[in-house]
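Worksheet for the structure shown next.
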Amino acid sequence: MKLIAAMSGGVDSSLAAALAQRQGHEVIGVTLRLRHPDPLFSAAQLCVGKNDELAVQSVCATLGIEHHFIDRYPEFEQQVLRPAADEYAAGRTPNPCCRCNALIKFATLFEYAAGTGADGVLTGHYARLERSAGGTRLRRGSDPGRDQSYFLYRLSQAMLERLYFPVGELDKTEVRRLAAEIGLPTASRPDSQDACFQVPGECFGETLRRLFELPPKPGRFLYRNRAVGRHTGIHQYTIGQRKGLNVALGKPAYIVEIDPQSGDITLETDEDALFSQSFAVRDLISHSNLPLPERLEVQVRYRGTPVKARLLPGENATCTVIPDEPLRAVTPGQAAVFYDGEYLLGGGIIG
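In structure tokens form, the structure reads like this:
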């Protein structure tokens with residue numbers, strides 16, 4: 049088969065390409081450039097910087113495979129960064145990685161594959177695929193500490209059927225060992241950063257606010273109906289946040305509510321106030337042709353622990369999720385991803 053390999057300059061994508069080549073596949077490396085043209089912002093790019101590009105080229109030279117860069121910043125700005133900025137301005141905390149994977153990264157890779165007559169796409173994600181006559185199911189990666197299936201819930205069934213995750217069965221130690229054995233120059237490179245677009249020392253919401261020249265929405269910190277301080281913009285805060293509030297209440301305070309209309313942020317010192325008995329999910333996606341089951345497991349953040357829950361379907365791709373045990377800091381704008389054990393069923397956006 050001819051496969052398009054997403055190459056980021058890290059050891060995971062490097063080994064994924066090498067393993068596919070060892071299996072006899074023709075591999076073509078592709079790297080997306082999502083860098084802002086303004087040096088003020090491009091210097092902040094952490095996703096694929098200059099050193100990463102050099103690493104990619106070195107890996108491809110070692111493997112003797114063809115490689116191409118594809119510029120996608122305009123689409124990235126319009127379809128990922130701008131919606132994320134709008135979410136922050138509305139008092140929510142977006143998960144741009146889930147959106148970017150479906151609309152930019154994988155969409156671009158499959159578009160390129162179609163144009164070159166390739167049979168599929170491979171990446172270095174820690175996730176697994178199970179193929180059968182009934183379709184392709186997405187599973188968690190074998191290494192629970194590295195599993196990245198959460199970020200892939202928006203991928204379509206058509207994408208899954210032509211996707212390959214060569215390192216999904218491995219743990220990180222084995223990945224580095226195999227990369228060194230093959231002689232890949234990225235074998236000992238540090239892991240890449242989680243953030244793709246952020247100025248060091250500045251929160252993501254503030255970087256986006258400046259990028260799109262949005263007005264800040266300042267307001268009060270409220271504690272049990274009493275003003276205890278002020279802040280310079282709701283885009284800088286998220287549900288459950290404790291650090292960086294600069295409010296002295298004599299004990300730790302947590303954000304439990306953000307009002308986008310008034311700009312007021314409600315604080316609480318009782319951690320029980322952070323727990324939700326139920327929450328709404330919108331923009332539902334199911335990975336099968338069947339509705340999501342009533343009983344499943346829900347995960348509300350990347351490193352979160354999945355909990356059993358009941359799902360009450362609503363109208364227009366919405367539902368209410370009732371977890372068996374209350375969940376802490378359920379955050380509007382984040383992804384709620386549904387599982388049946390290791391198998392990903394679908395997901396949506398909280399709130």
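For reference, each letter of the sequence shown is one residue, going 49 to 399 in this note's numbering. In this text, a Cβ means the ideal position worked out from N, Cα and C, and glycines have one as well. All figures in this text were calculated on a predicted structure; none of them were measured in a lab.
Item: Suppose contacts are defined by Cβ-Cβ distances below 8 Å. Is residue 64 in contact with residue 172 by that definition?; Value: yes
Item: Can you name the start and end residues of the alpha helix (DSSP H) that residue 402 belongs to?; Value: Missing from the structure shown is residue 402; the chain here goes from 49 to 399 and no further.
Item: Output needed for residue 300: all residues of its chain with C-beta closer than 8 Å, excluding positions within five of it in sequence on either side, in chain order.; Value: 290 and 317
Item: Ordered along the chain, which non-local residues of its own chain (more than five positions away) have a Cβ less than 7 Å from that of residue 66?; Value: 111, 230 and 232
Item: Any Cβ of chain C within less than 8 Å of the Cβ of residue 250?; Value: This model lacks chain C altogether; it includes just one protein chain.
Item: Considering only the alpha carbon of each residue, which of 297, 307 and 321 lies closest to residue 281?; Value: 307
Item: Helix, strand or coil for residue 115? Go by DSSP, reduced to three states.; Value: strand
Item: Give me whichever residues DSSP pairs with residue 186 in a beta bridge.; Value: 177
Item: Going along the chain, which unbroken runs of the beta strand (DSSP E) with 3 or more residues stay wholly within the stretch 276 to 333?; Value: 302 to 306 and 313 to 316
Item: Label residue 338 either buried or exposed according to how many other C-beta atoms from any shown protein chain fall within 10 Å of its C-beta, with 16 as the threshold for buried.; Value: exposed
Item: So does the stretch 145 to 164 actually touch the stretch 261 to 281, counting three or more Cβ pairs closer than 8 Å?; Value: no
Item: Rounded to whole angstroms, what's the CA-CA distance from residue 292 to residue 303? Just pull it up for me.; Value: 11 Å
Item: Assuming the contact rule is C-beta atoms closer than 8 Å, residue 361 and residue 367 should be a hit. Round their C-beta distance to whole Å, please.; Value: 5 Å
Item: My understanding is that residue 330 touches residue 396, with C-beta atoms under 8 Å, so please give their C-beta distance in whole angstroms.; Value: 6 Å
Item: If I measure Cβ to Cβ from residue 188 and keep anything under 6 Å in the same chain, skipping five residues before and after, which residues do I get?; Value: 195, 197 and 390
Item: Compute the distance between the beta-carbons of residue 120 and residue 80, then report whether it is under 8 Å.; Value: yes
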